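Novice: Here the sequence shown stands for residues 1 to 336, where the numbers follow the UniProt record's numbering.
Where a beta carbon is used, it is the ideal one built from N, C-alpha and C, also for glycine.
Treat the numbers as computed from the prediction; the structure is a model and nothing was measured.
Pasting a structure below so you can have a look.
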Amino acid sequence: MTKVTVLGAAGGIGQPLSLLLKMSPYVSTLALYDLRLAPGVARDLSHINTNATCVGFDKDAIGEALDGAHIVVIPAGVPRKPGMTRDDLFKINAGIVANLVRAAAQHAPRARILVISNPVNSTVPVACETLKKMGAFQPGKVMGVTTLDVVRAQTFLSDSLGADSYSRESMKRAVTVVGGHSGATIVPVLLDPKLRSKLVGRRRYDSYVHRVQFGGDEVVEAKQGAGSATLSMALAGYHFADQILRSIHLEKPDVAPLPAFVYLPGIEGGAELQKKLNTKTEYFAAPVELRRGDVVRIDTKWLDSLGDLERKTLQVCLGELDGNIQKGRRFVQSKL
Ligand code: NAI
């Protein structure tokens, strides 16, 4: 019996993500919460003939929505409009994430918390610091969802190399993404050096990296003010949640370990990663190993695949990441 609660379930991401979760054989209860429309979305999904029971909750029923949840997914908040960076969302989304995480700690203390709300580089520190303040922080249970970067990195790699010879499906183990989840902090790591050489040889490496880092802007601009990625994000969020669900149900993962933006000091491999990257950053996105749905180890194998170009991109990432992290920490500390 696994209960998943989606906070922000009536939004652009929340609705298709909830639909995908309703299709999951691992979900027995799907609780949808939003400030508006969640009961309507839930009633709609509840007519689908899959086993998960789907219930929607009004804005004053967050306790009930969260009660006993094993996984809490948070896509609540405002999305970008053209010309905005993810950082511009901080003022609104930081408070939303802090309040929702506080409620999750009270009503679902054992839940894994999956933070989708942007800017992830800051909202994950907001979540972790909020939980620390409550004495409820379990590092392996808080994950910033960066899977969309991986999905894009695979798609764009196929596009850059030529989809006729390098199908999108065949790119699934060819690249991962580490660092953070905005602009220059997004660092694609080619796991096959031959593919990197091909990109470099065809003078496509820089444009490839740039597209992975700023691919989100393509969607924001194309949607002309109506928001940012929702459908591709819903799929990415579902893929990530599915790995947690599989792990809870003792099923083997069906994809290479996905990265998550996590608190390094509390997790095995975190200190090793900091040492190898020569950084004191406390938060970083890297592929994670799960046990019973919790992050138990940070994978450092990808470090062996790094080329000089990726090392340079990583240095830029680390330079920018710290400011984002401190912003999140200061937000929580200022509320003392
Ligand atoms: P949206 O505006 O369509 O939906 C957000 C939903 O959150 C709305 O239904 C709203 O009522 C709800 N909400 C706001 N405050 C709430 C609260 N306190 N409690 C419960 N629900 C609340 O936005 P969209 O497109 O779904 O994006 C959501 C977030 O996800 C944004 O911050 C966006 O930047 C982020 N995002 C993250 C990505 C990632 O890769 N991690 C990718 C794309 C978007």
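1. Is Phe156 close to chain D? Criterion is C-beta to C-beta, closer than 8 angstroms.
2. For the ligand NAI, I want to know if Gly227 counts as a neighbour, meaning its beta carbon is within less than 7 angstroms of at least one of the ligand's heavy atoms.
3. For Ala10, which of Pro257, Ala69, Gly269 and Thr230 has the nearest alpha-carbon?
4. Please determine, among Thr147, Ile92, Leu89 and Ile71, the residue with the shortest C-alpha to C-alpha distance to Gly140.
5. Which same chain residues end up closer than 6 angstroms to Leu32 when comparing Cβ atoms and leaving out the 5 residues on each side of it in sequence?
6. Confirm the yes/no value for this check: CB of Arg241, any heavy atom of the ligand NAI, distance under 7 angstroms.
7. Would you check if the stretch 176–186 and the stretch 102–113 touch, i.e. whether three or more CB-CB distances between them fall below 8 angstroms?
8. Looking at Val295: is its Cβ nearer than 8 angstroms to the Cβ of Val316?
9. For Leu309 and Thr185, which I take to be in contact (beta-carbon distance under 8 angstroms), what is that distance rounded to the nearest angstrom?
10. Report the rounded CA-to-CA distance for Ala222 versus Pro287, giving the unit in angstroms.
11. In whole angstroms, what is the alpha-carbon distance linking Met233 and Ile13?
12. With a threshold of 7 angstroms (Cβ to nearest heavy atom), would Thr230 be considered close to the ligand NAI?
13. Considering only residues of the same chain and omitting the five flanking positions on each side of Asn118, which have a CB-CB separation below 6 angstroms?
14. Contact check, Val151 vs Ile116 under 8 angstroms by CB: the rounded distance?
15. So, are the CB atoms of His239 and Leu264 less than 8 angstroms apart?
16. Taking DSSP's pairing of strands, which residues face Lys3 in a bridge?
17. Arg329 lies in the beta strand (DSSP E); which residues open and close that run?
18. Can you say whether Ser82 is buried or exposed, counting buried as having 16 or more other CB atoms within 10 angstroms of its CB?
19. The ligand NAI heavy atoms versus the CB of Val78: any closer than 7 angstroms?
20. Spatial neighbours of Arg112 within its chain, please: C-beta separation below 6 angstroms, excluding the five flanking residues on both sides.
21. Does the Cβ-Cβ distance between Leu314 and Val187 come in under 8 angstroms?
22. For Gly95 and Met134, I'd like the C-alpha separation in whole angstroms.
23. For the ligand NAI, any of its heavy atoms closer than 7 angstroms to the Cβ of Met84?
Specialist: According to the structure data:
1. Annotation note: the requested chain D is absent from the structure, which comprises a single protein chain.
2. Distances between the C-beta of Gly227 and the heavy atoms of the ligand NAI include at least one below 7 angstroms.
3. Thr230
4. Ile71
5. Val6, Ala9, Ser18, Ala38, Val41, Ala42 and Gly56
6. It should be noted that the sequence gives Ala, not Arg, for residue 241. No.
7. no
8. no
9. Incorrect: roughly 16 angstroms between the Cβ atoms, too far for contact.
10. 30 angstroms
11. 7 angstroms
12. yes
13. Arg86 and Leu89
14. With a Cβ gap of about 13 angstroms, Val151 and Ile116 do not count as contacting.
15. no
16. Thr29
17. Unbroken run through Arg329 is the alpha helix (DSSP H), Asp308 to Gln333; no beta strand (DSSP E).
18. Position check: residue 82 holds Pro in this sequence, whereas Ser was assumed. That one is exposed.
19. yes
20. Within the same chain, Arg112 has close Cβ partners Ile71, Lys141, Ile244 and Gly293.
21. Yes.
22. In a straight line, the C-alpha of Gly95 is about 16 angstroms away from that of Met134.
23. no
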